[in-house]
Amino acid sequence: MRFLLRALLLCAAVFLWSVSSVQAQDAPTDDDVNDIAKQLFCPTCENIPLDQCGTDACIQWRATISDLLADGNTEADIKAYFVAQHGERVLNVPTARGFGLLLWLSPLLFAVIALGVYIRFARNTQPVKVVQAAPVTATTPQADYISQVEAELDRRRGL
Amino acid sequence: MLLADLGQIGLVLALLCTVYATGAALYSVRTNNAGLLESSRVASVLPFPILTGVCLLLVLMLVNGNYEVAYVTRVTSQSMPNYLRVTALWGGQQGSLVFWSWLTSMFIAFMMMRDWRHERDMQPYVTAAACLTLGFYLILNVFYESPFEKIWVDAFGVTSTSIFPKLGTEIFYPADGNGLNPLLRHPGMIIHPPMLYIGWLGLIVPFCFAIGALAVGRRDDVWIRASRRWTLVAWLFLSLGLILGGRWAYDVLGWGGYWGWDPVEIAAFMPWLTATAFVHSVIIQEKRGMFKHWNMVLIILTYALVVLGTFLTRTGVLSSVHAFAESSLGVPFFIFLAFSLISSLALLIWRWDRLQNDRQLNSWLSREGMFLLNNIVFMAILATCFWGVMYPIISEALLGQKITVGPPFYERTTGPMFAMLLLLMGVAPLTAWTMMSLKRLGQAIWKPAAASLLGIVVALVFGVTNVYAILGIWLCSWAAAVNLYEFHRGAMARRKTQSVGYGLALWQLMKRDRRRYGGYITHIGIVLMAIGIIGLELFQTETQGTVAVNESLTLEDYTLTYTALHEFETPDGRLVTAATVEVYQDGAYVTTLQPRRDFYFESRQAMTIPGVHSTIEEDFYVLLVGWKDVAVEGASFKIYHNPLVNWLWFGSLILIIGIGIASWPEKRERRVLNAKPMPKVAGAPA
């Protein structure tokens, strides 16, 4: 009898724990919703992330995110759900595949082109030809710098 | 005759003046007629007083509440205070276009009233380029988007808007207007558009001088020297405009940030990128006679990006909180953009051979080499931003849907490039002109490099473990150390040679070489801004929750306790819902904030105004969230903890001071510039 009572108490405890877990899962927090909402843009409010938009449509979308989270869906599932419903435009950035890959690769291409341009210039430099040794007026970097500063200020004074 | 009719006549007159000025200026070259050139100069100045009158008329109608004028109805209402009615001049598409034209005419008038004796050969072409630009905007005002259209009503009570009455209609006088968009009622937004417009339109001046130089085939840098001050002032206002826009977004848009990488924000940022590259690059042409082609490309690109920016903002191509509604301006804007870009590039190609550099790059490790690298990085950032803005339009054309390109794209791609700029900001001031050995650079670099390590130590002491943050803070401390070191080195050098005190030596440096040391102050401003950006981008935290009265929400070491809710109407037509919250830090009371939501009855729009507790270290930023039910029993709050964000605003101030110093006129320089003889060019009027 005592064993049965203990078994019943254990079952009750497990039941209560599982119910509380489910309830906790049922009620995602605002932060949980916002974490996903900030990665989505509603098609009617262009360029305003879902977590900041106050239109009725966006309130509805956030409620949908909350429901989907409560049903146990992951962030990836929820984003996939909205993409399936409304197209890839709902994402804050396109995924790096297909046409989206072009978006992500282009900055790399720009950087390579920029580097290429710089290397081209750097290779075509013409070293200074020393025709005659300049009079030695500065022998240390500090003295050299002082003469540069003075020359610059003199130049501006003479302007 | 109504005031609106007078305004429309003013617009037409101003347009006629620009058409005449353009034609007369170009014809004066052909006929070598100095009188005609002078006549074109006067005609190019005239639009300024005329458009001043037009703007005053429009302001008068806005303040008086002449609701028979469609624009007045659209942007004002009886409940608006007078200062907002004045600022409504740039609160809508048509009014802001008139304001835009007026600012353009102001720049042209000032430009044409200068002493042209030394650039007389360029004057006709500069006049033509400037007046063509103004003429285009006036065409838009007169034929497409006039703020002087009236409201007409027919026998069936159907209303329409036009300049002239339609058959069977009579003028309609609405009792009240719709009121200004609530987003535009913030002080930041009142000042932000004029600053941005002045910045954008000021860049027309160097462009016109560049076109003048290309047209007459001048090889020298007179066009740069003549327009340098204008360029710096325009750059100052453009920077100020962008900063004020950021502050407005932070205070009004209610998302805890200052820059959302919105397409229209980027459209305003792109001319700043090219203008910044130009401001650096022209120094090389002035000092070394190099980068002549490149400077032309940069200024043409800057001008084209200004036109592109207005095109994107005003045609409805891009949707944004900053953009105007869809309009009929798309086709004329596109034609003008294509015309100005193609014609100026054609001119450049025509003159390409005449723009040979006086010197060649001698070494990549030189001041010129570093400036070149700086310019290339700016262009890579520009290309990335341009691509991000255009991608949705391209995707719509190819795939049928406008793919969104949001902040993560720009942050991930431009972040390393901005880091590169910070690195260069530290290396370039230490490099010598022409060439430098690595050994000599090492000798110059080691002291600031050692000092910059202090930044890493401070970051570690404050518990920063994020690698990107540590790298960013090191780059900031590196750039700051070098730029401060430059002041120190200069002052020490002056002390040695002039036997003056350290303070006086510093003052003499600043006074005699404002451009250089103003530039260093600007760099220090950028560094402080970068620290603020790092703080916000990498360490911002947020939470949201619904609490009942006397319940609390916690974020970081702050606790917010909701104590009361008040609702009241204001005389300017708002329903204000304000929550009172007490803020505690580590358990100690700090302040009481009142985040609120303003609902504007006229426009049926709500604004979320944050309650902010600011310190030098951070902002505690509280929003009364609009999309949850607000009640005494429970209200929803969104809270942001924004570390170091005030460094951004403080750095902005330093940046503006630095640009101000760099662009402050130097009398001696002006005198010498004026004294230089002008080379004669065949065919140019005397």
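Going down the list, the protein sequences come from chains A and B. Residue numbers for the first sequence follow my numbering, beginning at 13 and rising by one. Residue numbers for the second sequence follow my numbering, beginning at 1405 and rising by one. Beta carbons are placed, not taken as given, at the ideal position from N, Cα and C, and that holds for glycine. Fair warning: this is a prediction, and the values are worked out from it, not measured in the lab.
| Item | Value |
| --- | --- |
| Within chain A, the residues that D1666/B reaches when beta carbons sit closer than 7 Å | N59 |
| Residues that T1808/B contacts on chain A, provided the C-beta gap is smaller than 8 Å | F53, E58, N59, R101, V102, L103, N104, V105 and P106 |
| A126/A: contacting residues in chain B (beta-carbon distance under 7 Å) | I1780, V1781, M1783 and A1784 |
| According to DSSP, residues forming a beta bridge with R1365/B | Beyond the ends of chain B as shown, which are 1405 and 2090, falls residue 1365/B; an answer cannot be given. |
| Cβ of T1719/B within 8 Å of any chain A Cβ | no |
| Contact set between F1943/B and chain A, taken where Cβ atoms lie within less than 9 Å | Ordered by position in chain A, no residue passes the 9 Å Cβ test against F1943/B, which lies about 17 Å from the chain. |
| Helix, strand or coil at T1835/B according to DSSP, with G and I counted as helix | coil |
| DSSP three-state assignment for K1806/B, whether helix, strand or coil | coil |
| Straight-line gap, Y1520/B to L1536/B (C-alpha atoms, nearest Å) | First, the residue type needs correcting, since residue 1520/B is Trp and not Tyr in the sequence shown. If you take the alpha carbons of W1520/B and L1536/B, they lie about 20 Å apart. |
| Test: L62/A CB closer than 8 Å to a CB of chain B | no |
| From S1631/B, Q1412/B, L2052/B and V1467/B, residue whose alpha carbon lies closest to that of F1514/B | S1631/B |
| Cutoff 6 Å; reference A145/A; Cβ partners in own chain excluding five residues on either side | Note that A145/A scores 45 on pLDDT, short of 50, meaning its location in the model is unreliable; the coordinates nonetheless yield the value given after this. Cβ within range, chain order: n/a, list empty. |
| Cutoff 8 Å: L129/A Cβ touching any chain B Cβ | Residue identity check: residue 129/A is Val in the sequence provided, not Leu. Answer yes: the Cβ-Cβ gap between V129/A and chain B drops below 8 Å somewhere. |
| First through last residue of the beta strand (DSSP E) which encompasses K2042/B | A2039 to P2047 |
| Partners in chain A for L1776/B, counting only beta-carbon separations shorter than 8 Å | Y130 and F133 |
| A1983/B versus I2043/B - alpha carbon distance | 13 Å |
| Nearest-angstrom Cα separation, counted from L1440/B out to P1451/B | 18 Å |
| Which of helix, strand or coil DSSP assigns to E1941/B | helix |
| Among V1668/B, L2027/B, S1856/B and P1586/B, the one whose alpha carbon lies nearest that of V1931/B | S1856/B |
| P1597/B (DSSP reduced to helix, strand or coil) | helix |
| Whether V95/A touches P1812/B by CB criterion (8 Å) | no |
| Rounded distance between the beta-carbons of G1581/B and S1481/B, thought under 8 Å | 4 Å |
| Option nearest I1780/B by Cα separation, candidates R1478/B, H1684/B and A1447/B | H1684/B |
| Residue environment, F1743/B, which counts as buried when at least 16 other CB atoms sit within 10 Å | exposed |
| Neighbour flag for W1768/B against chain A, beta carbons, 8 Å | yes |
| Residue environment, H2045/B, which counts as buried when at least 16 other CB atoms sit within 10 Å | buried |
| Residue-level contact to chain B via CB, L115/A, 8 Å cutoff | yes |
| Exposed unless 16 or more other CB atoms sit within 10 angstroms - verdict on Q1689/B | buried |
| G1905/B to V1449/B span [Cα, whole Å] | 49 Å |
| Host beta strand (DSSP E) of V1557/B (start-end) | K1554 to V1557 |
| Contact list for D12/A against chain B, beta-carbon separation under 9 Å | Because chain A in this structure spans residues 13 to 171, residue 12/A falls outside the shown range and cannot be described. |
| contact_flag[the stretch 1711-1718 of chain B, the stretch 1522-1531 of chain B] where n(CB pairs < 8 Å) is 3 or more | no |
| Beta-carbon spacing of V1994/B, V2026/B below 8 Å | no |
| Same chain, Cβ closer than 7 Å to S1748/B, neighbours up to 5 away in sequence not counted | I1615 and I1704 |
| Inter-stretch contact at 8 Å, needing at least 3 Cβ pairs: the stretch 1573-1593 of chain B / the stretch 1469-1484 of chain B | yes |
| Cβ of F94/A within 8 Å of any chain B Cβ | no |
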